[in-house]
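Residues in the sequence shown are numbered consecutively from 472, following this note's numbering. Yeah, the Cβ is synthetic: ideal placement off N, Cα and C, and Gly gets one too. Please read these numbers as outputs of a predicted model, since none were measured by experiment.
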Amino acid sequence: MSVKHEYLGAASGFALVNNAIAGKEKYLGVAPHSRPLYIELLPERLKWEEDLYNQRPYYVYFECDLIASLLELYFTNIHQIFPTLHRPSFERCVAKELYLSNPGFGAVLLAVLAIASRYSDDPRVMVDGNPLSSGWKFVTLSILEHSANLNLKSGTSSLLQLVFMFNFGTSGPLGLGIRFLQHRFEHCRNHKDYEFKNEPWNRAFWSLFILDRMAATFTGHPAAIHT
């Protein structure tokens with residue numbers, strides 16, 4: 472019954488109940504569940520859940536000249552501080568128009584364009600000419616929907632980081648991204664499952680950690696995670 476590989480804080484009621492159940496099972500054995508359909512973990516997703524995760528989002532892209540100018544703005548203003556992407560590889564994939572055949576890469580590209588739009592005065596990135604809406608056109612092209620479907624154990628670290636970087640300038644919840652990464656144990660520097668291939672997730676965590684500290688400094692609100 473005890474849940475494995477789930478991060479639960481010290482004050483969590485779930486952690487308390489989980490430990491109590493584990494202790495009971497240790498000394499009294501495992502009792503049969505009266506409602507296994509609701510109690511036991513399912514071996515795989517049910518079909519109606521699988522259909523949602525397998526949906527291919529429909530993206531609409533803007534003119535090539537706008538994409539090129541926004542990419543330059545992104546790598547000039549954002550990449551120097553938050554090196555989320557490998558620029559040569561990313562630009563090669565854009566030149567090959569990989570975003571037209573790969574929805575995952577398309578979502579990352581749209582997130583990059585959304586962030587870069589805040590540094591652009593091109594009216595095409597705005598809604599009704601309002602500069603406060605810069606980048607919102609890209610976000611509404613299913614970026615948030617796509618990121619919401621990320622599995623807690625897999626998903627795309629770049630997309631998660633970029634979406635919450637965009638949310639930093641909106642009323643969106645930055646703490647949700649940190650909670651997501653905590654659930655994956657990305658805040659544990661030396662956890663036993665660490666591998667070098669997980670390094671992008673490590674960068675994503677520290678980027679959101681910095682954004683969280685910046686938000687706390689500006690607003691005076693408590694940080695989402697303790698040092």
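Integer-rounded CB distance, given that residue j should sit under 8 Å from residue i
| i | j | result |
| --- | --- | --- |
| Arg684 | Ala675 | Contact flag wrong, Cβ pair sits at about 15 Å. |
| Ser604 | Ser540 | That pair is no contact at about 18 Å. |
Cut-off 8 Å between Cβ atoms - residues of its own chain near residue i, not counting five sequence neighbours on either side
| i | result |
| --- | --- |
| Phe546 | Arg558 |
Beta-carbon proximity check, residue i vs residue j, cutoff 8 Å
| i | j | result |
| --- | --- | --- |
| Leu583 | Leu633 | Reading the sequence as shown, one finds Val at residue 583 and not Leu. Against a cut-off of 8 Å, the Cβ pair of Leu633 and Val583 comes out as a contact. |
| Pro671 | Ser629 | yes |
| Ile586 | Gly600 | no |
| Leu581 | Glu562 | no |
| Asp593 | Leu652 | no |
Cβ-based burial, residue i [other Cβ within 10 Å; buried from 16]
| i | result |
| --- | --- |
| Ile552 | exposed |
| Phe689 | exposed |
| Arg655 | buried |
| Ser588 | buried |
| Val610 | buried |
| Leu544 | buried |
| Tyr498 | exposed |
Neighbourhood of residue i by C-beta distance below 6 Å, restricted to the same chain and skipping five residues each side
| i | result |
| --- | --- |
| Thr555 | Ser629 and Gln632 |
Close-in-space but distant-in-sequence residues of the same chain around residue i (CB under 7 Å, 5 per side omitted)
| i | result |
| --- | --- |
| Asn673 | Glu657 |
| query | Residue ranges of each alpha helix (DSSP H) run of no fewer than 4 residues wholly in the segment 540-604, ordered along the chain? | reply | Qualifying alpha helix (DSSP H) stretches, in chain order: 558-566 and 574-587.
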